[in-house]
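Chemist: Handing you a structure now.
In the numbering used here, the protein residues as written are 40 to 170.
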């Protein structure tokens, strides 16, 4: 199952997670963050993209905020600031819709960091205050 979500990510994990991919999406944010920690940002984005498709088709809306946030983090590290800002905005909006204060705060924190990079300090400060 993990091989379906994350081909090549963990050779010894095949068959670890029985069932369909949408049922085990809770593993993907941690896996994508691990890829970020290993500086494999393209792989992190691929995991998040695949999981976002499965979450959308599998009715797992609660996974959307964290998946967008981790994809935003990976895009930021690749210098794709516009894509990262779009992901953090989506993560924030999805957090509000799903009632997740933790992911809303994380999304605003990441957005603040990105706005510092772009030099938009007023927005950065506002998002940091909200986070």
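Don't be surprised by glycine CBs; every beta carbon is placed ideally from N, CA and C.
1) Straight-line CA distance for residue 45 to residue 91?
2) Quick check on the DSSP output: the alpha helix (DSSP H) that includes residue 65 runs from which residue to which?
3) Note the first and the last residue of the continuous alpha helix (DSSP H) segment covering residue 150.
4) What does a CB cutoff of less than 6 Å around residue 68 pick up in its chain, not counting 5 residues either side in sequence?
5) Where does residue 97 fall in DSSP's three states?
6) Confirm, please, whether the CB-CB distance from residue 72 to residue 103 is below 9 Å.
7) Using the C-alpha atoms, what's the distance from residue 134 back to residue 100?
8) State the Cα-Cα distance for the pair residue 65 and residue 107, rounded to the nearest angstrom.
9) Take the Cβ of residue 114 as the centre, count every other Cβ of all protein chains shown within 10 Å, and call the residue buried at 16 or more, exposed below.
10) Drop a sphere of 10 angstroms on the beta-carbon of residue 126, count the other beta-carbons inside from all chains shown, and report buried for 16 or more, exposed for fewer.
11) Hey, would you say residue 124 sits closer than 9 Å to residue 160, going by beta carbons?
12) Where do the N-terminal and C-terminal ends of the alpha helix (DSSP H) with residue 118 fall, by residue?
13) Cutting at 6 Å between CB atoms, please list the residues of its own chain near residue 130, excluding the five before and the five after it.
Modeler: Looking at the coordinates:
1) For the purposes of this step, residue 45 is taken as the residue at position 6 of the chain shown. For the purposes of this step, residue 91 is taken as the residue at position 52 of the chain shown. Residue placement at residue 45 is flagged as unreliable, the pLDDT there being 49, under the threshold of 50; a coordinate-derived value is accordingly withheld.
2) Taking the first residue of the chain shown as position 1, residue 65 is located at position 26. Note, residue 65: premise wrong, no alpha helix (DSSP H); not H, not E.
3) Your numbering for residue 150 matches position 111 in the chain shown. Note, residue 150: alpha helix (DSSP H), 140 to 157.
4) Position 29 of the chain shown, counting from 1, holds the residue named residue 68. Excluding residues within five positions, the ones whose Cβ falls inside 6 Å are 105, 109.
5) Numbered from its first residue, the chain shown carries residue 97 at position 58. Note: residue 97 maps to helix in three-state DSSP.
6) Within the chain shown, the letter at position 64 stands for residue 103. Within the chain shown, the letter at position 33 stands for residue 72. Not a contact, by the Cβ cut-off of 9 Å.
7) As a first step, residue 100 is located in the chain shown; it is residue number 61 there, counting from the start. As a first step, residue 134 is located in the chain shown; it is residue number 95 there, counting from the start. Rounded to the nearest angstrom, the two C-alpha atoms are 10 Å apart.
8) Stepping through the chain shown from its first residue, residue 65 is reached at position 26. Stepping through the chain shown from its first residue, residue 107 is reached at position 68. When rounded, the distance between both Cα atoms is 14 Å.
9) On the chain shown, residue 114 is found 75 positions in, with the first residue counted as 1. The residue is buried, with at least 16 neighbouring Cβ atoms inside 10 Å.
10) Here the question's residue 126 lines up with position 87 in the chain shown. It is buried - the Cβ of residue 126 has at least 16 other Cβ atoms within 10 Å.
11) Along the chain shown, read from residue 1 onward, the residue named residue 124 stands at position 85. Along the chain shown, read from residue 1 onward, the residue named residue 160 stands at position 121. No, they are not a contact pair.
12) In the chain shown, counting from the first residue as 1, residue 118 sits at position 79. Looking at the DSSP string, residue 118 is not in any alpha helix (DSSP H), and its letter there is neither H nor E.
13) Here residue 130 refers to the residue found at position 91 when the chain shown is read from its first residue. The answer, listed in chain order, is 104, 107, 108, 146.
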